[in-house]
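J.: Throughout, the numbering used here is defined as the position within the sequence shown, counted from one, plus 357.
Just so you know, even glycine gets a beta-carbon here, dropped at the ideal spot from N, CA and C.
Every value quoted in this text rests on a predicted model; they were computed, and no experiment measured them.
One structure, pasted below without further comment.
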Amino acid sequence: MLLRESFRLALDTLRSHKLRSFLTLLGVIISVCTLIAVVSVIDGMDLYIADHLANLGSNVFSVNRFGIINNLKDWVAAQKRKRIFIEDMEWARDNLRLAKAVGGVSGHLADVKYGNQSLQDVNIRGVTSNMINIGTEQVETGRYVTEADYQHRTYVAFIGFDVADKLFTGLDPLGKTLFFRGQSFTVVGVAKSIGSVFGQSQDNFIIIPLTTFFKLFDDNRFQSVSIQVQAANAAVMQDAQDEARLLMRSRRHVKWDDKDDFGIVSSDAIMTLFHDLTGVIAMVAVGVTSIFLVVGGIVIMNIMLAAVSERTHEIGIRKSLGARRRDILLQFLVEAALLSTTGGLLGVFTAWVGTKIMTATTPIPSSLPVSAVFTAVLVSAAVGLFFGIYPANKAARLDPIAALRAE
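Rendered as structure tokens:
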């Protein structure tokens, strides 16, 4: 029997038993839907994290007090670490050979007022003037913090888009005076809108000179400078991190056999941490998917066995008319594979619709890789072939005379 004829017969069987076929495929649909949904979210999150959270700037890494901490024990231990001061940042700037630029950032939350308007928990950042070239903020109007502002500890503010929009609705914020921590600041610039991350606005910030920042917030014993290092180029990124580590250990008198009492954070480190997290999620998803696929495969095998019993007489007629064993085997294998592949395609479509709805209604991003679609469909077909072997072989081995006598 030709493959095309086997395929046509399999389609006829699907059409004639729609409800039974759907119920048969339910396990495959659920398993593929689960797998595709998880892969879509993880892939979308990868792109999202790389663009929003792991984007520290071009060839930029951070040296800070805590680094990346992923458990409570390390967090408690890190509280005992020494702070990083402006003097440490300036010393690193003067001694790092592989750095194109070295800047500093520190942050704290504060309530901000302008006239009768107020904003709670605005992110106040103290920066060095070169952070406009190291970081990701861009100037929309006005100017950024200058070196003169840094040296003279001036009370000037470069504000985020949300702060400008909410405090100065309908007004030009440049030259206006806003208040926080009991001090007045003159607005000298407004940043371009950055957007939001997981529904949280990234434009709710005010940038002031780092020296001015510590005049306001140095009473906070946890306050520390994050040293932002821009490597000369991508090729020396790792060497620049090693150099920064060596210099900071020397500066902070860390013994050769002690761990670093500071952290180095790069885009690669953030992505590695995220991949470790999503790797666990993916493993769980694969486990759940495997269980559903096995269940779906067993259901397909049972239905195919039932189909063999129902069509015993038909098989006998085909054999009596010259159909060979391999023709019968091919017919039932194609039918099982088509059943399972259809379930895979329905699962992919269901997951795609679900992720589109989720992306439109929630801040969770998703992206469906083409490779995942092909993999899901191929695995579905393989499940159908594997679990269809026994029923197909049973049908192929039927004795034509006994099959013709079957009712």
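Nearest by alpha-carbon distance to residue 404: which of 744, 750, 745, 724 is it?
T.: Among 744, 750, 745, 724, the Cα nearest to that of residue 404 belongs to 724.
J.: Within 10 angstroms of the Cβ of residue 590, are there 16 or more other Cβ atoms? Answer buried if so, exposed if not.
T.: Residue 590 should be labelled exposed.
J.: Within its chain, find whatever has a CB closer than 7 angstroms to the CB of residue 358; leave out the 5 residues flanking it on each side and keep chain order.
T.: The predicted position of residue 358 is uncertain, since its pLDDT is 46 and thus under 50; a value taken from the coordinates is nonetheless stated next. Answer for residue 358: 680, 684, 687, 688, listed in chain order.
J.: Ignoring anything shorter than 4 residues or poking outside the segment 588-631, list the alpha helix (DSSP H) runs there in chain order.
T.: Fully enclosed alpha helix (DSSP H) runs of 4 or longer: 594-608.
J.: Decide if residue 603 is buried, meaning its Cβ has at least 16 other Cβ atoms within 10 Å, or exposed.
T.: Residue 603 comes out exposed.
J.: For residue 600, count the other beta carbons within 10 Å of its own beta carbon; 16 or more makes it buried, fewer makes it exposed. Which is it?
T.: Its Cβ being crowded by 16 or more others within 10 Å, residue 600 is buried.
J.: Indicate the three-state DSSP secondary structure (helix, strand or coil) for residue 358 in the structure shown.
T.: With a pLDDT of 46 at residue 358, under the threshold of 50, the modelled position of that residue is not reliable, and no figure is offered here.
J.: Contact check, residue 562 vs residue 499 under 8 angstroms by CB: the rounded distance?
T.: About 15 angstroms separates the two Cβ atoms, so there is no contact after all.
J.: When the distance is taken between beta carbons, is residue 717 closer than 8 angstroms to residue 425?
T.: No.
J.: Out of curiosity, what's the CA-to-CA distance linking residue 483 and residue 455?
T.: Rounded to the nearest angstrom, the two C-alpha atoms are 25 angstroms apart.
J.: Does residue 692 pass the burial test, meaning 16 or more other C-beta atoms within 10 Å, or should it be called exposed?
T.: Counting Cβ neighbours within 10 Å, residue 692 comes out buried, since at least 16 surround it.
J.: In whole angstroms, what separates the C-alpha of residue 651 from that of residue 740?
T.: Roughly 8 angstroms between the two C-alpha positions.
J.: Quick check on DSSP: helix, strand or coil for residue 397?
T.: The answer is helix: DSSP assigns residue 397 an H, G or I state.
J.: Quick one: grab the DSSP three-state call for residue 423.
T.: Correct three-state label for residue 423: coil.
J.: Relative to the C-alpha of residue 746, which residue among 720, 734, 659, 436 is closest?
T.: Residue 746 has its Cα closest to that of 659, out of 720, 734, 659, 436.
J.: Expressed to the nearest angstrom, what Euclidean distance is found between the alpha-carbon atoms of residue 504 and residue 596?
T.: C-alpha separation (whole angstroms): 29 angstroms.
J.: Between which two residues does the beta strand (DSSP E) carrying residue 464 extend?
T.: Start and end: 456-471.
J.: In three-state terms, what does DSSP make of residue 744?
T.: Looking at residue 744 - three-state DSSP - the assignment turns out to be helix.
J.: May I ask you to report which of helix, strand or coil DSSP gives residue 508?
T.: Correct three-state label for residue 508: helix.
J.: Between which two residues does the beta strand (DSSP E) holding residue 441 run?
T.: Looking at the DSSP string, residue 441 is not in any beta strand (DSSP E), and its letter there is neither H nor E.
J.: Mapping the DSSP letters down to three states, classify residue 483 as helix, strand or coil.
T.: Three-state DSSP puts residue 483 in a strand.
J.: Does the segment 460-468 touch the segment 523-535, meaning 3 or more C-beta pairs lie closer than 8 angstroms?
T.: Judged by Cβ distances under 8 angstroms, the segment 523-535 makes no contact with the segment 460-468, as fewer than three pairs qualify.
J.: Considering Cα atoms alone, identify which of 431, 524, 507, 479 is closest to residue 473.
T.: The shortest C-alpha separation from residue 473 is found at 524.
J.: Would you tell me roughly how many angstroms separate the C-alpha atoms of residue 495 and residue 515, rounded to the nearest one?
T.: Using only the alpha carbons, I get a separation of about 10 angstroms.
J.: What separation, rounded to the nearest whole angstrom, lies between the Cα atoms of residue 571 and residue 610?
T.: Those two C-alpha atoms are separated by around 25 angstroms.
J.: Tell me the DSSP bridge mates of residue 514?
T.: DSSP, once it has assigned bridges, lists 544 as partnering residue 514.
J.: Can you tell me which of the three DSSP states residue 636 falls into?
T.: Residue state, collapsed to three classes: helix.
J.: Please state the DSSP three-state secondary structure of residue 560.
T.: In this structure, residue 560 counts as coil in the three-state DSSP scheme.
J.: Along the chain, where does the alpha helix (DSSP H) containing residue 573 start, and where does it finish?
T.: Note, residue 573: alpha helix (DSSP H), 567-574.
J.: Three or more C-beta pairs under 8 angstroms: does that hold for the segment 694-702 against the segment 417-432?
T.: Counting Cβ pairs under 8 angstroms, fewer than three are found: no touch.
J.: So, at 6 angstroms on beta carbons, what are the nonlocal neighbours of residue 749 in its own chain, with the 5 sequence-adjacent residues on each side left out?
T.: Excluding positions up to five away in sequence, the list reads 686, 689, 690.
J.: Report all residues from its chain with a CB closer than 7 angstroms to the CB of residue 510; omit the five preceding and five following residues, and keep chain order.
T.: Here the set comprises 566, 568, 569, 572.
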